[in-house]
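Those letters in the sequence shown? Residues 34 to 236, by the numbering used here.
Note that beta-carbon positions come from the ideal geometry of N, C-alpha and C, so glycine has one too.
The structure displayed is predicted, hence computed values, not measured ones.
The structure under discussion appears below in the form of structure tokens.
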Amino acid sequence: MRYPEKEETLTAGRVIIPEDEGNKPVNALHAFAAGAWLGLKIAAMIAATLLCIISLIGLANGLLTWWGRYLNINDPPLTVELVVGYLCYPVAFLLGVPRNGDILKVARLIGLKLIANEFVAYRALQTQAEYATLSPRSRLIATYALCGFANIGSLGNQVGVLSQLAPDRTADVTRVAVSALITGALSTLSSASIAGLLVTDER
């Protein structure tokens, strides 16, 4: 829906398997070795991409925390997650989070999920004391809003994996990567908004 195909595909009504004579395996062992090498390249690309993204976020957090100390912003410390969380405040409001102090908490969880990943956000929701006071409605909306792979790390994985599978389409993959991230986030947020619409009982 976000990137519809407007032209008739070359494979419309039939299946075409391109014959790549130059890379065609000569036997099962050759095919196994080629597949193993491709898997190794993809795994290495994922690891390298994640390392670069995590390092970049760590650098940004370090600079923001240092600047926050200069401005006397210490509790909580100024980080990328905190900034994105405040930017997500209107999103949490539109999702229907009760205006009893829960909006900022849910917004920070959404920001944490976008910057880190959904596992970190779910762990924070489950274990951190500041989220223990969330109302059942806020907790339900947050659960749906955090369910998805739309985060910076997944963005790097997407570019790395698809670039290895289709090297000649690397530019196209990179061009739509950010759009895919936004679309994925909107899809999970739409589910959260429906949950907030249907669940109105605070008990």
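* **Inter-residue CB distance, Ala218 and Leu147 (contact presumed, cutoff 8 angstroms)** => Residue mapping note: residue 218 aligns to position 185 of the sequence shown, counting from 1. Residue mapping note: residue 147 aligns to position 114 of the sequence shown, counting from 1. With a Cβ gap of about 7 angstroms, Ala218 and Leu147 count as contacting.
* Asked: Which residue comes first and which comes last in the alpha helix (DSSP H) that contains Arg102?
  -> Your numbering for residue 102 matches position 69 in the sequence shown. Element bounds for Arg102: Ala61 to Tyr103.
* If you drop the 5 nearest sequence neighbours on each side, which residues of the same chain put their C-beta closer than 7 angstroms to that of Arg236? -> By one-based count along the sequence shown, residue 236 stands at place 203. Confidence is the limiting factor: at Arg236 the pLDDT is only 49, short of 50, which leaves the residue's position unreliable, though a coordinate-based value still follows. So the list is empty, once near-sequence residues are dropped.
* Note down the Cα distance separating Leu292 from Leu127, rounded to an integer number of angstroms. => Outside the modelled stretch of the chain, which goes from 34 to 236, sits residue 292, for which no answer is possible.
* Flag this pair as touching only if the region 219-229 and the region 168-187 have three or more C-beta atom pairs under 8 angstroms; answer yes or no. => yes
* Asked: Since Ser171 and Val124 are thought to touch, with beta carbons under 8 angstroms apart, how far apart are those beta carbons, to the nearest angstrom?
  -> As a position in the sequence shown, residue 171 is number 138, starting the count at 1. As a position in the sequence shown, residue 124 is number 91, starting the count at 1. Not really, about 13 angstroms apart at Cβ, beyond 8 angstroms.
* Determine the direct distance from the alpha carbon of Gly118 to that of Ala80, and round the result to whole angstroms. => Taking the first residue of the sequence shown as 1, we reach residue 80 at position 47. Taking the first residue of the sequence shown as 1, we reach residue 118 at position 85. Taking the straight line joining both Cα atoms gives about 27 angstroms.
* From this set, Ile87, Pro169, Ala77 and Gly46, which residue's C-alpha is nearest Gln197's C-alpha? -> Within the sequence shown, numbered from 1, the residue matching residue 197 stands at position 164. The alpha carbon of Gln197 has as its nearest neighbour, out of Ile87, Pro169, Ala77 and Gly46, the alpha carbon of Ala77.
* Since Glu114 and Leu145 are thought to touch, with beta carbons under 8 angstroms apart, how far apart are those beta carbons, to the nearest angstrom? -> By 1-based counting over the sequence shown, the position of residue 114 is 81. By 1-based counting over the sequence shown, the position of residue 145 is 112. Yes, Glu114 and Leu145 are in contact; Cβ-Cβ is about 5 angstroms, under 8 angstroms.
* Where Pro169 and Ala175 are concerned, what is the direct C-alpha to C-alpha distance, given to the nearest angstrom? -> One-based indexing of the sequence shown puts residue 169 at position 136. One-based indexing of the sequence shown puts residue 175 at position 142. Those two C-alpha atoms are separated by around 10 angstroms.
* To do: Using beta-carbon positions only, say whether Gly229 and Thr82 come within less than 8 angstroms of one another.
  => As a working mapping, residue 229 is identified with position 196 in the sequence shown. As a working mapping, residue 82 is identified with position 49 in the sequence shown. Result no, Cβ atoms of Gly229 and Thr82 do not sit closer than 8 angstroms.
* For Ala140, three-class secondary structure by DSSP -> Position 107 of the sequence shown, counting from 1, holds the residue named residue 140. Helix, per DSSP.
* Since Asn184 is in the alpha helix (DSSP H), which residue starts that stretch and which ends it? -> Position 151 of the sequence shown, counted from the start, is the residue given in the question as residue 184. First-last for Asn184: undefined, no H or E at that position.
* Excluding the five sequence neighbours on either side, which residues of its own chain have a C-beta within less than 8 angstroms of the C-beta of Val153, listed in chain order? -> Taking the sequence shown and counting its residues from 1, one reaches residue 153 at position 120. Closer than 8 angstroms at Cβ, skipping near neighbours: Leu145 and Lys146.
* By DSSP, does Ser196 sit in helix, in strand, or in coil? -> Working through the sequence shown from its first residue, we reach residue 196 at position 163. Three-state DSSP puts Ser196 in a helix.
* Do the CB positions of Val206 and Leu188 come within less than 8 angstroms of each other? -> As a position in the sequence shown, residue 206 is number 173, starting the count at 1. As a position in the sequence shown, residue 188 is number 155, starting the count at 1. Cβ distance not < 8 angstroms, so Val206 and Leu188 don't count as in contact.
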